[in-house]
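Have a look at the structure below before the remarks.
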Amino acid sequence: MLEINNLTNFALDKRSFSTVAKKVLKGENRETETLSLAFVKKEEIKKLNKKFRKKNKATDVLSFELNEGNNLGEIIICPEVVKENAKKYGVTAKKEMMKVFIHGILHLLGYDHEKSKKQAEIMELKQEKYLN
Numbered sequence: 112m113l114e115i116n117n118l119t120n121f122a123l124d125k126r127s128f129s130t131v132a133k134k135v136l137k138g139e140n141r142e143t144e145t146l147s148l149a150f151v152k153k154e155e156i157k158k159l160n161k162k163f164r165k166k167n168k169a170t171d172v173l174s175f176e177l178n179e180g181n182n183l184g185e186i187i188i189c190p191e192v193v194k195e196n197a198k199k200y201g202v203t204a205k206k207e208m209m210k211v212f213i214h215g216i217l218h219l220l221g222y223d224h225e226k227s228k229k230q231a232e233i234m235e236l237k238q239e240k241y242l243n
């Protein structure tokens, strides 16, 4: 259901990520789906963001849809950027990490906050629902 590939020295709690993935997929009636999660360094996510989104800067999370069989796709997270954002937003790094993970899953499920204000609101509400 969840394959994790950690390419950083970030210490992660795999059970937390599995639990959150199950909760979101169950809530969206997609329990049979699997997804991949990778943790990368700042330089790597910056390269990917530039290549695929034409944005020459590091970001916290990227999602790549696959939709091959039961595989939704891959979520790539940069723990370094997530920690910086957590500090900026005044939340714990763990809470921010789970928020971006949920955000990535929702993208793989077809939600897109960049399409319209309405879509952004729907995505925001779902994020909050699954985070709590």
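Numbering-wise (the numbering used here), the sequence shown opens with residue 112 and increments by one. For each residue, glycine too, the CB sits at the ideal point set by N, CA and C. Keep in mind it's a predicted model, so treat the numbers as computed, not measured.
{"Query": "Bridge partners for A149 per DSSP, in chain order?", "Result": "N116, I187"}
{"Query": "For V192, which of E155, T143, E232 has the nearest alpha-carbon?", "Result": "E155"}
{"Query": "Mapping the DSSP letters down to three states, classify S227 as helix, strand or coil.", "Result": "coil"}
{"Query": "Please return the same chain residues whose Cβ sits closer than 6 Å to the Cβ of I186, not counting the five positions on each side in sequence.", "Result": "L148, S174, G215"}
{"Query": "Candidates P190, K137, K205: which alpha carbon is nearest N117's?", "Result": "P190"}
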